[in-house]
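Below: one structure, written as structure tokens.
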Amino acid sequence: MTSAENTARPDYGKRSPQVSRRGFLGKTAVAGSVTAVTATMLGGSGSAQADPTAAAGAPDAGASGGRSGAAAAPLSRRREMLLQVARVGAVYPVEFRGFGESAEGAERATPARLRAAERRLDPERLARAWAGADALIALGLLGAAQGRMLAGIGRQAAQADADGKRDLLAFVALGVATLSPHFDPADDHVAEIWLGGLSDLQRRGRQPQPIPPLN
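Numbers given in the numbering used here equal positions in the sequence shown, counted from 1, plus 1334.
Have a look at this one:
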């Protein structure tokens, strides 16, 4: 297990009931507004330190079974699941910042960018991300509409066991790094905020809804 995964993760099922949608927006906005600081602070914990041409970026990388107990899906389906979630995350709950890139957030969720993010991870961390993909595919979320996908991810974040939550964090963090290389795919900070908000909504029985931009 990598040093990043030795760090205690929040139990999303025990988050404070006082967190509101406004609070979720505030946390997400802070995560975006301090990007310049975050980019300099992001470390390499859990990132690949070896040969950059290691198997993490090869066609069969991560094809081993996941930790969540879900059947291992083909790598192509895992990648498609991740890209679909990244496209949703690019617009929910607010537009993902471009950090100087001209392409819209969802347009940055491409196979080439995903493979580049994969190559930044060590094999164990990448296996965790694919286990997170397997769990969502097993829930029938591959190809799901945005509302159903967000609700399903929130349910997984709220109800999965400790390993399942770590897998989901690794999966979402890889999606964040696909949208912007400013973020380390081994860093869970933004993934924790996003999943924590979805988990809170799930616990309250509320359907995730995009938050209109504030002027």
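Ideal Cβ placement from N, Cα and C applies to all residues, glycine included.
Practice task
Tell me where the alpha helix (DSSP H) around F1505 begins and ends.
Solution key: A1496 to L1513
Handout entry: Buried versus exposed call for R1538 [16 or more other C-beta atoms within 10 Å across all chains shown]
Key = exposed
Handout entry: Closest residue to V1422 among Q1493, H1516 and L1476 (Cα-Cα distance)
Key = L1476
Problem - Simplified DSSP state of L1455, which is helix, strand or coil - result: strand
Exercise for the section: Figure out for me which residue from Q1536, L1470 and S1514 has the closest Cα to the Cα of A1492. Expected result: Q1536
Exercise for the section: Assign A1463 to one of two classes, buried (16 or more other C-beta atoms within 10 Å of its C-beta) or exposed (fewer than that). Expected result: buried
Exercise for the section: Under 6 angstroms Cβ to Cβ from L1473, same chain only, skipping five residues before and after it: list those, please. Expected result: G1486
Handout entry: Identity of the residue in D1456, A1424, R1453 and R1500 nearest G1466 by Cα
Key = R1500
Problem - Closest Cα partner of A1405 within the set D1468, Q1490, R1431 and S1514 - result: D1468
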